[in-house]
Amino acid sequence: MDYDLTRLGTREFEHLTQALAVRVLGAGVEVFGDGPDGGREAAFRGRMRYPEPASEGNWDGYGVLQAKFRARPLGTQLDTAWFLAQAKAELTTWANPKSKRARAREIPRYVLFATNVVLSPVAEVGGIDTVKREIDALIAKLKLPIRGWRVWHYDQLNTLLDNYPAVRQPYEALITSGDVLAHLHRMLEGSGAIEIAERATTYSVMQLKADRHVRLHQAGEGDNQRLNLSDIAIDLKAYVDNLDPFDQQIVNTAEYVLKRGNTILRPSYSGDESPRHCVILGGPGQGKTTLSQLICQAYRVAFLAESPALLSGEQQELLSRMKSHLGEIGVPAPAQHRWPARIDLADYSDVIAGGENVSILKYLAQRMNESAPEVSANHLRAWLGKWPWLLVLDGLDEVASSASRESVISKLDDFYTEARQLDSDLFVVATSRPQGYRQEFSDSVYTHLSLKPLEPGEAVAYAELLAHARYPGDSETARQVYTRLQSAASEEITARLMRTPLQVTIMSVLLERRERVPQERYRLFDAYYETIYNREVGKPGPVGRLLDQHRTTIGRIHQQVGLQLHVLAENAGEHGAAMPIEQLQEVAQQILSSAGYDDEKSSRKLVDQLVNAATTRLVLLAPQGDGFGFDVRSLQEFMAAQAIARDQATDISERLRIIAWSAHWRNTWLLAAGNVFFHQGRQRHNLINLLREIQIEDELSLLVKPGSLIALELLDDDVAAATPKFRRLLVQQALELLDLPPGGRIGSTLARVLSDSVKVDPGCKPIVYQAIERAISSTGMPAVAALDVLRSWSIESTPEGARARRLMEKMRRTATPAIQGFGESCLRCWAAKDTEERNELLSDVLNLSGNPEDDSTWEATEWCRDIGVTFKLTSRGVWVAETVTGPAGESLYHTQIPEVRAQMIETALRSPVEHAVIASVLRRWILSWAERRPCGTSLLDSVARDELGI
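When you line the sequence shown up against the numbering used here, it's residues 1426 to 2375, in that order.
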């Protein structure tokens, strides 16, 4: 059978030839890993069982394997010339006594070349005879002591792959072309997995259509226009996140993920210890879910492209459009034809929240049974062991409940264990917002990709795609909107509101009817709602008049639904909750009653009219299951923020105080603050005072500094862009983070936001640099934190970068030994590129002891043991702290026990600089607990009290 070896790539071709060499030559073959090979992919010594038949005798002595892979073969003659040049270069290097290779090791007596190029068998003039003639002549000319050599060219490799199916099988999805189902039948014949292969293929066909739309259809026209992924999806840039400001690699996310997926990831075949999987981190509306859709569709296209008989005419058109669009945006076709599956983690958490024991495979089988009946977890288990998978885990951030998140991670750990036992070729891509993310996906297993804000040029390019997609039959409107978006991107203030695909999409709606857009993120959402509303009001007929007359009431309906659904979403099992029509009508009835609509009959009729208008004309509230909800989480959060900040006569500080700690409510908090800064100028000081107050409420506040964390996000959100006075107050608040030990992303985020503030507002410069100067002059934690900020600034080719380098030099001359030693150790620990390196550094600092190989508890210093906390390195490569002092003697995580939690807070607060890493670890654990405490019910009570029972 002919195999498509060009899809392997250099790395996998080398691995394939190594595996064949072990099978053909014998167990004496020594395989070398990735990196400089010194003229060999493998080496052997002694008597080999090769060649067979052996007219001149088996090889006996030292020999090497050399793989020569050509990515784009051009034709027999050209390929033969290329291979000859490659082989001759190797031989010439061995013959050169001055070469590093010749000096470092003995010259081989036997050489085995492997290449994916075709060598013609035509006698005398063909590639096989030409190569033999010229290689023999060169060996003689160079007087090399080579006794025998062979070439495994394309045709011979095909034969070897047919003869050794155990070698071929891990590469089947990479090297096999043609009808996927026919190939699966050949591959799985007699294995019992053919039925699930057929159903899995059917599921991919169904999902190709089901996943064709971008999940932002309500940002389209009033008639609920849906935008096709194949029209507007783009690849987004991301930082490959290793927390080191000196090594910030930027990649195209989908391209990076697909190339990672082209490798063989079976545990038995991968000697590479680097992370296998990927996590995409992105803020609200930044496009992480759309990227996960794009990646899945790319794999479906690759999986189904050569099986047209499986597709209807409509499905073939979908596949063709998606394939064409992927090429246009520079996303390469996956070489590894993985079977893609996607799980919404919030939906999955709802299923297991009720206590039902539903494994990942069982849940996926239940989802598949909706379109491909009679699939069981056992079917999928067999399929997982036979064929490469892509598994997308979307939306960890939407699993708000701490208990639910722990359950989900536990189920995922069980699934990974099962996959390892099956030696499966599994590739996982997860997504999450960074807010509230606490390395649940360990960086020893996952590469973290932090989505980068759109640059103005990227925003304009996306805007052009969007304009043509939204106005396919109206080129004049498309041109007008695109021109206005170009203008907005050219202005610094509005360009900052075009940093995510969601923001650009909202702007395109606004600029259809407006010349200019707002300059703050809150106003962008506010103007979007008003634009959608005014468009419907402007349409003739009774519904338009109804919307105009009851604008305030319908606005409050949206706000109450957003608030109540967001409260539900933080509870286990309620993420996907929609509001039943009866409850929606009840909300409307309560709002009307408060406005004096006392006649039950007339108000009931009005309720029905208002709910119908809200759900069918405005399209922000969309059908979801048995009720209604917001398809886009950011819009739900905006409406919840409006509900919180709606009453300008009320001091909303207490409402914001209730949700200030919560990661689940953070975007809502920021949008509510935007309402305050734009609509409620008199409450701005109240908001600043609130940030100061929550900073000093108790020892927990002193350790975490929630007011400073929120101030940092408010600055990043440009809430105070038009009020320099309040920007400077927020900068002062954020600078209190210098009192904390560095760790995670706080230092780099603080450095970036402070740098931006100084650039746009010269009045911030003395505030920032005086605080940095004070910090580096201290003998405690602030000096270490300041060093973290200065390291980030020092890589910039700007006056600020030069100043940072001078301050770092001053610090090295004047700092105490503790700052110089433990400060640098602390920063190296958090900048470590992988968990193994970080754990080594952490172990050194903590003076940990124990046996990590059996996952036993590693005890920390006596200083830490005094508080009853023991550190443990889990099988996922994550540091946790445990205690066994639970009520019934059971093992409980540290933050579940108030007494231990209090001791940990006290320990972190009194940590000397020598224990900066310990303080940072303890603070991170405490923050992880604090920001997941549910608070929605208390918020509802507060709003109800202020609104007289509503």
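Even glycine gets a Cβ: it sits at the ideal position worked out from N, Cα and C.
{"Asked": "Where the alpha helix (DSSP H) containing Ile2016 begins and where it ends", "Found": "2006 to 2019"}
{"Asked": "Val1756, DSSP secondary structure in three states", "Found": "coil"}
{"Asked": "Burial state of Arg2080 (16 or more Cβ within 10 Å)", "Found": "buried"}
{"Asked": "DSSP beta-bridge partners of Thr1540", "Found": "Lys1493"}
{"Asked": "Three-way DSSP call (helix, strand, coil) for Arg1474 in this model", "Found": "coil"}
{"Asked": "Leu2364 vs Val1992 beta-carbon contact at 9 Å", "Found": "yes"}
{"Asked": "Ranges of the alpha helix (DSSP H) found wholly within the region 1864 to 1911, counting only runs of at least 4", "Found": "1881 to 1895"}
{"Asked": "Residues that DSSP places opposite Ser1857 in a beta bridge", "Found": "Leu1706"}
{"Asked": "Nearest-angstrom Cα separation, counted from Tyr2194 out to Val1906", "Found": "43 Å"}
{"Asked": "Cβ neighbour criterion (16 or more within 10 Å) applied to Ser1699", "Found": "exposed"}
{"Asked": "Residue range of the unbroken alpha helix (DSSP H) whose run includes Asp1636", "Found": "Where Asp1636 is concerned, there is no enclosing alpha helix (DSSP H), given that its DSSP letter is neither H nor E."}
{"Asked": "Residue(s) in a DSSP beta bridge with Gln1674", "Found": "Val1665"}
{"Asked": "Sub-9 Å separation of Ser1875 and Gly2099 beta-carbons", "Found": "no"}
{"Asked": "Contact under 9 Å by Cβ, Pro2359 with Ser2126", "Found": "no"}
{"Asked": "From Glu2124, Ile1657, Asp2143, residue whose alpha carbon lies closest to that of Pro1943", "Found": "Asp2143"}
{"Asked": "Nonlocal neighbours in the same chain, by C-beta distance under 6 Å from Gln1674, ignoring five residues either side", "Found": "Val1665"}
{"Asked": "Test item: CB-CB of Ala1417 and Leu1751 under 9 Å", "Found": "A query on residue 1417 cannot be resolved here, the shown segment of the chain reaching from 1426 to 2375 and no further."}
{"Asked": "Limits of the alpha helix (DSSP H) - the one that Pro1765 falls within", "Found": "Run containing Pro1765: none in the alpha helix (DSSP H); it sits in the beta strand (DSSP E), 1764 to 1769."}
{"Asked": "Residue from Cys1703, Ile1571, Ala1730, Met1631 whose Cα sits closest to the Cα of Asn1794", "Found": "Met1631"}
{"Asked": "Cβ-Cβ distance between Ala2200 and Leu2140 below 9 Å", "Found": "no"}
{"Asked": "Validate contact between the region 2091 to 2107 and the region 1945 to 1952 using beta carbons, cut 8 Å, 3 pairs", "Found": "yes"}
{"Asked": "C-beta contact flag for Glu1680 and Asp1656 at 9 Å", "Found": "no"}
{"Asked": "Rounded straight-line distance, which links the Cα of Ala1802 to that of Ile2006", "Found": "35 Å"}
{"Asked": "For Glu1455, the three-state DSSP class (helix, strand or coil)", "Found": "strand"}
{"Asked": "Cβ pair Phe1469, Gly1453 closer than 9 Å", "Found": "yes"}
{"Asked": "Gln1846 burial status per 10 Å Cβ neighbour count (16 or more: buried)", "Found": "exposed"}
{"Asked": "Start-to-end residues for the alpha helix (DSSP H) that takes in Val2129", "Found": "2124 to 2129"}
{"Asked": "Contact under 9 Å by Cβ, Val1556 with Tyr1579", "Found": "no"}
{"Asked": "Per-residue DSSP class, three states only, for Ala2085", "Found": "coil"}
{"Asked": "Complete alpha helix (DSSP H) runs within the region 2097 to 2156 (minimum length 4 residues, chain order)", "Found": "2109 to 2119, 2124 to 2129, 2131 to 2141"}
{"Asked": "beta-carbon Arg1436 near the ligand ATP non-hydrogen atom, thresh 8 Å", "Found": "With respect to the ligand ATP, the structure shown offers nothing to examine, as it has no ligands at all."}
{"Asked": "Boundaries of the beta strand (DSSP E) in which Asp1580 is found, first to last residue", "Found": "Careful: Asp1580 lies outside any beta strand (DSSP E), inside the alpha helix (DSSP H) at 1579 to 1588."}
{"Asked": "Cut-off 8 Å between Cβ atoms - residues of its own chain near Ile1720, not counting five sequence neighbours on either side", "Found": "Ala1679, Val1682, Leu1683, Pro1765, Leu1815, Val1817, Val1854"}
{"Asked": "DSSP-derived helix/strand/coil call for Asp1839", "Found": "helix"}
{"Asked": "Cβ-Cβ separation, Val2209 to Pro2149 (assumed contact under 8 Å), whole Å", "Found": "Rounded, the Cβ-Cβ distance is 31 Å, inconsistent with contact."}
{"Asked": "Inter-residue Cα distance where the pair is His1440 and Thr1714", "Found": "34 Å"}
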